[in-house]
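Here this note's numbering is used: the sequence shown runs in plain steps of one and ends on residue 830. For glycine and all other residues, C-beta sits at the position ideal for the given N, C-alpha and C. So the structure is just underneath, and the comments pick up after that.
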Amino acid sequence: MGGKLIVFEGVEGCGKTSQIQLCSEWLESLGVTVVVTREPGGTELGLHLRRLLLEKSEDKPFPAGRYANGSAQGEPVAEVTELLLYAADRSQHVEQELKLNLAAGKYILCDRYTDSTIAYQGYGRGLNMSLINQLNNIATGGLESDLTIWLDVDVEVGLARKLSDQVGLDRIEQETIAFHRRVQQGYAQIAASHPSRIVRVDGSLSKEAVQEVIQGILRVHLHLAR
Ligand code: TMP
């Protein structure tokens with residue numbers, strides 16, 4: 605039997621990571637073999653790319669004043685460079701992790717996939733959508749999720765959750781509120797265009813309530829007995 609690729613998407617602080625953890629425990633209790641992974645950073649190479657993509661300005665290797673462009677924060681990541689790095693991470697992830705686990709019949713719970721690039725680099729940054737679609741196709745070889753759960757929370761609620769984590773915001777979390785709102789609107793548009801693949805879940809509910817809704821959706825979509 606082939607496996608399933610189940611993706612979780614949403615803005616910063618939408619609760620993907622804890623919902624994936626709860627889902628993984630629940631599916632394992634049903635005897636399903638589960639693999640949890642993420643983008644960026646689901647492979648060894650991807651972990652390096654994740655660090656390059658998300659490091660905060662204070663994580664930069666040189667102190668302020670040591671950068672060639674004279675800035676205290678280091679060289680900014682150009683938008684197309686960012687897009688290509690996410691595509692490189694995805695290509696490696698699909699080849700090294702997703703295809704093999706799907707072929708082995710496993711259920712993959714993946715924290716972000718192609719829709720993140722459409723939402724963040726497409727709607728957020730305003731990069732060319734047909735370029736993004738082409739890169740997504742090249743990176744995935746056409747592999748789509750069987751189901752995508754979009755955890756929908758207000759941008760302000762999500763960012764407040766991130767701020768209360770006390771770990772500091774990463775490079776993308778530090779973007780303007782207007783950027784995060786465009787990403788949010790992007791998810792709404794993507795979900796409207798793919799109603800059979802993407803299911804919206806109200807992420808503002810309690811963790812337990814959100815999990816209950818997700819389990820109900822997975823039971824129906826994956827034809828699970830319990
Ligand atoms: P997260 O794994 O903690 O959600 O962080 C990943 C960050 O990378 C998040 O800010 C969204 C961003 N991202 C993109 O901008 N484009 C992409 O294609 C992916 C996978 C993530």
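Subject >> Where Y717 sits in the DSSP three-state scheme >> reply: If you number the sequence shown from 1, residue 717 lands on position 113. Y717: coil per DSSP, three-state reduction.
Original post:
Can the beta-carbon of G607 be found less than 8 Å from the beta-carbon of A692?
Top reply: As a position in the sequence shown, residue 607 is number 3, starting the count at 1. As a position in the sequence shown, residue 692 is number 88, starting the count at 1. Contact flag unset, no.
Original post:
What are the start and end residues of the beta strand (DSSP E) that includes E686?
Top reply: As a first step, residue 686 must be located in the sequence shown, where it is residue number 82. First-last for E686: 683–697, but that is the alpha helix (DSSP H), not the beta strand (DSSP E).
**OP:** Taking 8 Å as the cut-off, decide whether the C-beta atoms of I736 and L688 are in contact.
**Re:** Locating residue 736 in the sequence shown gives position 132, counting from the first residue. Locating residue 688 in the sequence shown gives position 84, counting from the first residue. Their beta carbons are not under 8 Å apart, which means I736 does not touch L688 by this criterion.
Original post:
Cβ of Y727 versus every heavy atom of ligand 1: is any distance shorter than 7 Å?
Top reply: Counting from one through the sequence shown, the residue named residue 727 turns up at place 123. No, Cβ of Y727 sits at least 7 Å from all heavy atoms of ligand 1.
**OP:** Find out if the Cβ-Cβ distance for the pair R823, G617 is shorter than 8 Å.
**Re:** On the sequence shown, position 219 is the one that residue 823 refers to. On the sequence shown, position 13 is the one that residue 617 refers to. Contact flag unset, no.
Original post:
Anyone know if the C-beta pair for R775 and L649 falls short of 8 Å?
Top reply: Working through the sequence shown from its first residue, we reach residue 775 at position 171. Working through the sequence shown from its first residue, we reach residue 649 at position 45. Not a contact, by the Cβ cut-off of 8 Å.
**OP:** Would you check if the distance between the CB atom of E588 and the CB atom of L731 is smaller than 8 Å?
**Re:** This structure leaves residue 588 out entirely; the chain is present only between 605 and 830.
Original post:
Under 8 Å, do V761 and S720 count as touching if we go by C-beta distance?
Top reply: By 1-based counting over the sequence shown, the position of residue 761 is 157. By 1-based counting over the sequence shown, the position of residue 720 is 116. Contact flag unset, no.
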